[in-house]
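Each remark here refers to the structure printed beneath this line.
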Amino acid sequence: MSTLLRDVIDIPERTGADDYVLRLTDSTDDDAHIRSTLGAYVLTDSLRENFLAALDLVANAIDNNTSRAAFLTGSFGSGKSHFMAVLYALLGNHAAARTAQYTALTGHYDQVLAGKKVLRLTYHLLGANSLEEAILRGYLQQIARLHPDAPLPAVHVTDTLLRDAENLRARIGDTAFLDGLGGEGTGDDAWGGLLGGSGWDLDRYDAARQAPAEDPRRAELVSALVRSYFGHFVEQAEYLDLDRGLVAITEHAKSLGYDATVLFLDELVLWLAFSVRDNAFFARESQKITKLVESSGTQRPIPLISFVSRQMDLRKWFADAGASGAEQEALDRAFHYQKERFREIALGDDNLAEVAHARLLRPRDDEAEAVLTEAFRSVSRTPDVWDVLRDSMNTSDEHGGASEREFQLTYPFSPALVATLRNLSSVMQRERTALKVMQRMLVDRRDTLTTADLIPVGDAFDYIVEGNTPIDSHAGTMFTAASELYRGKLLPLLLRSHNLTEEQLATTTESDLQGFRAHERIAKTLLLSAVAPKVPALREITAKRLAALNHGSIKSRLRGGEARVVLGVVREWTKDVPEISVSEGADPIIRVQLADVDYQSVLERVRGEDNPGRRRVLIRTLVHRALGVATNQDDLAGGASRTIVWRGSRREVDVVFGNVRDASSLPEQNFDNRPGTWRLVVDYPFDEQNFSAADDIARIDRLLAGGDRHTIVWLPRFFSETAMNDLALLVKLDWLFTGSGDRWQENSDHLSASDRAQARGILENLYRGTLAAFERLLEQAYGIEAIDPKRFVDDPGHTEVLVSLSKDFSPKLPAANTLEVAFGKVIDQAFTALYPSHPQYPAPDEEVTVRQYEIVRDYVEKAATDPNGRVPTLPGPDRKAVQRIAGPLKVGKATEDHYLFGEDTFAFWAGELDRAAAEHDPVTVGALQRRIDALSPAWGLRPDARDLVVAAWALLRKRAWFEAGSPVTPPKLGALRENIELRAEQLPEQQAWDTARRHATDLFGYTMPRTYLTGANVAEFAQTVRAKAGDKLTDLRGLIERLDAAHTVLALDAAEADRLSAARELVAFLDALTSTGGNVALIDMLAGTKLVVAPPTAGQLRAEAGRDMTALRTFQWKLLDTVVAGADQPGARGDAARVILKNLREVIVTPGRSLYDELSRAENRVVDWVVGGQRKPDPVKPPTDDGEDETVVVNPDKVTLRNLGDLDDLTEELRKAIEQDGSRVRVKWWIE
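Right under this line is the structure:
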């Protein structure tokens, strides 16, 4: 059994109002109090630096004879009063400070302040009427105690009056003065008798004059003087203004031998804050603080050093009080002025761990420390828990989380809990400082808290929020809202869910309340996250963190399942508490919106939008969404189609919604499935009164009697009244936030703008939470989750939620975590029952595409033409497709890197389709397709898969594809036409096939796209070659006729390999090809052809026959007669004519040269030659060079060069001219 914590640390039986609260004036009023304060103080490293800064501030002020001031900043409980009490002792060089703990500080004091006499004055400002009254009266009181024999300084306005009276007495004498003091005060003056009238003597006068300002005797004297001598003076017991008063007290302190005056002004800023609603007072007094540093009048003889405790920013408080913009601006200027003149000494909350350990959690002895250390080691170090407890979430440069040592110092309080207290301490009341709250939590659990118990963060809620009235107005609003949300909604919800009452909470043992307490802590931690959003561990809080912050409270059957438990609990709350929202995602963020707004009034306005029709539409939409069905794609029978991939093939399922028992809602035809599909009919989880699931089942029995259908009926369990209320709420919210028009604006216009925004946020949270909860409720209704008995009707007769209208199929409700998964598994069952033999491809949810089937078809074709029926597969998509499809479809076999196809690897389909072929003549594609579709057990192949089987059989059996009597290219898979015939085809030898295809490319420009030696390819190739062989014969015969004529004109004899002979031979060969009937004979002839010219040359001759024939027909043969005659002439013209004729003969005879282009050039030369002989141009004088005589050139030739052939001809003519007569040749050329 664990040790009680009270046995290892001191936990008092009760807490006191003043525990851990120090009043500065009381802690420094005598030696005993100072020693007690110093002895209890925890001096941390950061506090040590703060004290050194304060000592330096005082020393600097003395050295420079300048007033200084510092704000001691920190939240409530940060130890500002304790700090000033210790500083008070240090500046007084108190003997109790000369201990080891304070050595560093007293040593520094000796360095900078030794021998200096400092007047230390403490002030507690709460209750003062003005800063002057507080400081000057406090000075008088403390000086009277410190120096009872010393005269007091004149710090009242009446002191001046009394000095004037003394001057008057000295001038007129005692008798006259005293007579005058009571002179007019005869019986006619009632006030004179009351105040003593003429009873003034010298003793009474002196006693009254020397009395304190508040003394009644002094008041009587002032009244007498005003009445007798100083009628204009009406003030009594008023202090000097702060400027003059501070000069007066520093003069007085100097007269007493002091080097400086130090004011410890405790609660000054808090005093101002409490008066924030009095704008005038607040503005007047807050600006006086600057006078502590600066004097607008007489120079102070010794420096005045002020230490002012500050808990908050006064500008914020002034703004919260409703000050005008001008007032705030003025105060801003004053505070800015102040800020530049006041040093800031920040007493950070990071000291809390060490202070709490020293003052609250220190073990009693070494044995107790060992027990606590062992308990601390047992805290889970799982990162999801440990990092949260150490406040190491959302770390930044300013926040790095707590170390393990810091955690151990505050155990059993986690750093996350301490950070929460520290963050809120600035707004909590002073009696609820972090240290005080920690003490109260220990005291309240003194009798039950063990060393093994880590205090949950949720337990702090009651101490921080419940019953607390923060001094910060915004925090006050948040605290109130949090408390009201807990009391008004969360607590009743918790009590209902645990079947408890508030009275039972007080009487039930804690062991029986563990479940309630766990949920209560979750709720309270969520509320703390809303009031303390700056705490890193509470910011953007998640279920994991909620579980970790309350480590040990949340129980789960599965290890690490606490977060799931928390998330489930919170999501359940969102249905009743719209202020709580849960985001999307695997680790959703949980938020609480605190507000006080009447959002229910908006729901009241849209109450009429909830009706049976909208309920059915919403249920249908939600179920469609859950099933992955597009609601807007209904067919004429109300069915929404959903495409799925089953065993790699694309299938369709129609989903129909309606009331199964009601024939008007679902006519009988709505239960009929489309061919090749399944239909899912989904009923609603509610019905009109007096109807139950038995009525739906009776309708199903009648439908079964009427015939077999591939239809499944999904009969959900019926909602209870509670669930129907949830549905009604969801319908209203869904209508409000969806659809057209500004429905929100129309139904919330009665709220103010700010309330409307808050109400919308809350109702949107409610919508999201209710929707999420209802989606889970639908999963229960349709059978994939265990039902909540409170939300469903108890119907013993409703045992099955899935019923089939096919006698061959009995669906089973599968295990699934969503409706969509369940839907997919049910449909898998259905199609498996319908097509049990369908191939089971790997990755069944990934569709096998037509492209992948085509890849396999290519490999079938390759392997079918390979002697061994075995071909390698390419890595990547090819190999993946072959390995995925071939085996399951029984179309060949795929190994690791090869594909095999033949009688053995295609045996199943070969046998089935051979039998089908034997029954049909001719064999058609349709006959084979029908045979495949009729197999039993059914395969249910999609068209592309079925066509692959047909194509593979055709390849194995060397079948050619014919349509309408002509060979056709095998169509794409999935598009095979039923009327296509598959004819047996004789095949040529492989070598003849390859040579024939090459010759077809050379002769006809035709390249067979599919090169494998198959029946289909042979038939297609032969048909194409026949067509191409005949389509140029007419042109070739015309070409031969024109070539014959050219031979006659040019006196040419036919040669074996000239153009004419080649054309004649090619015509004879093409005639033979076109007349050859057998495809193999045609291929053999084409492969064995031996023409007088090479096949490419013959192909060119065939391709250009029409153009060449036209060129020969249009040539200027009549002009050529002139050239022929001119060839017999001597000289240059005769030579030119001979060259023209020679070139023309070569063009006509030589195959392979472009006859059309050559004839065009030759014709140009003939025309130029003829024209050149008919004109005599003027002699041309070419330029001379080297001083030679100019030579006259007669009839120069003008030649146009169109291509490189023309250039060759010109070069040849020039060479011959030079060789024959040695003439000089000049060439002039240009580029156009």
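All residue numbers for the sequence shown refer to the UniProt record's numbering, where the first residue is 1 and numbers rise by one. Backbone N, C-alpha and C fix where the C-beta goes; we use that ideal spot for every residue, glycine too.
A direct Cα-to-Cα measurement between P814 and T507 gives close to 46 angstroms. Taking all protein chains in view, the Cβ of S67 is crowded by 16 or more other Cβ atoms within 10 Å, so the residue is classified as buried. R1042: member of the alpha helix (DSSP H) spanning L1033 to V1049, first to last residue.
Counting of Cβ neighbours within 10 angstroms places E1163 among the buried residues, the total reaching 16 or more.
Nearest neighbour of I827 by Cα position, chosen from T643, H82 and T1074, turns out to be T643. W646 is bridged by DSSP to S649. Distance from L1003 to R1102 at the Cβ level is roughly 7 angstroms; contact confirmed, criterion being Cβ atoms closer than 8 angstroms. Of the candidates I1148, D1108, P1096 and V1166, the residue whose Cα lies closest to the Cα of A1127 is V1166.
For D174, the closest alpha carbon among the candidates D159, P148 and L202 is that of L202. Taking A144 as the centre and dropping the five residues before and after it, the same chain places the C-beta of L152 closer than 8 angstroms to its C-beta, in chain order. In terms of Cβ geometry, G974 and S837 do not form a close pair [threshold 9 angstroms]. Within the same chain, and ignoring the five residues on either side of F686 in sequence, the residues whose Cβ sits closer than 7 angstroms to its Cβ are F718, F719 and M724. Shown here, E1104 sits in coil according to DSSP, grouped into three states, outside any helix or strand. Distance from L256 to A150 at the Cβ level is roughly 6 angstroms; contact confirmed, criterion being Cβ atoms closer than 8 angstroms. Under the three-state reduction of DSSP output, G639 falls in the strand class. According to the DSSP assignment, R68 belongs to the beta strand (DSSP E) that extends over R68 to T73. Secondary structure remark: continuous beta strand (DSSP E) runs of at least 3 residues inside the segment 76-125, in chain order: 118-124. DSSP places A1062 in the uninterrupted alpha helix (DSSP H) bounded by R1059 to S1075.
Within the DSSP bridge table, the entry for W714 names V682 and L802 as partners. The beta carbon of A85 sits closer than 7 angstroms to those of L22, L24, S27, T28 and T37, all from its chain and outside the five residues before and after it, given in chain order.
In the structure shown, L491 adopts helical secondary structure according to DSSP, grouped into three states.
For Y859, the enclosing alpha helix (DSSP H) has its first and last residue at V850 to T865.
For the pair D587 and A523, the Cα-to-Cα distance works out to about 18 angstroms. Non-local beta-carbon contacts of R946 in its own chain, meaning distances under 7 angstroms to residues more than five positions away in sequence, involve Q929 and I932 in chain order. Across the set W744, V247, A353 and F282, the C-alpha of V247 shows the shortest separation from the C-alpha of I302.
Between E579 and N747, the gap from beta carbon to beta carbon reaches 9 angstroms or more. For K1198, the secondary structure class from DSSP, reduced to helix, strand or coil, is coil. Taking the CA atoms as reference points, Q829 sits about 8 angstroms from F809.
DSSP places S601 inside the alpha helix (DSSP H), whose first and last residues are Q600 to R605. Each residue's CA atom was taken as its position, placing L1039 and V1225 some 41 angstroms apart. By DSSP's assignment, D266 forms a beta bridge with H124.
When C-alpha distances from P811 are compared across I712, E49 and S380, the shortest belongs to I712. By alpha-carbon distance to T1114, the top candidate from N499, L819 and L1155 is L1155. Taking C-beta separations shorter than 6 angstroms and ignoring five residues to either side along the sequence, the partners of R1010 in its chain run N1017, following chain order. The shortest CA-to-CA distance from L1091 to any of V1080, D1084, R1064 and A1105 is the one to R1064. For L140, the enclosing alpha helix (DSSP H) stretches over residues L131 to L146.
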